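**Student:** Residue numbers (this note's numbering): 267 to 342. By construction, the Cβ of each residue, glycine as well, lies at the ideal position given by its N, Cα and C atoms. Since we're looking at a predicted model, the values are computed, not measured.
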């Protein structure tokens, strides 16, 4: 049993290593499609801006809340 488990573990490691070493190309294909189409690119930029601004607001809210609770650290 131990030998079988070791062989199975070795096979699993090889499969995992292959997945990390050769990621799927699907993501790159999606990016190429979006960046090659002006309308899709504009929509992507708008969505990116929305996400970036939300993250900034959430970070500021966190800092404000921590300071209201008495935190003295400089969070800049």
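1. Residue 287 by DSSP, collapsed to three states: which one?
2. Since residue 293 is in the alpha helix (DSSP H), which residue starts that stretch and which ends it?
3. Hey, how far is the Cα of residue 292 from the Cα of residue 325?
4. If residue 301 and residue 307 are in contact, beta carbons under 8 Å, what's the gap, nearest whole angstrom?
5. Do you know how far the Cα of residue 321 is from the Cα of residue 277?
6. So, with DSSP's three-state summary, where would you put residue 267?
**Tutor:** According to the structure shown:
1. helix
2. 292-302
3. 32 Å
4. 6 Å
5. 41 Å
6. coil
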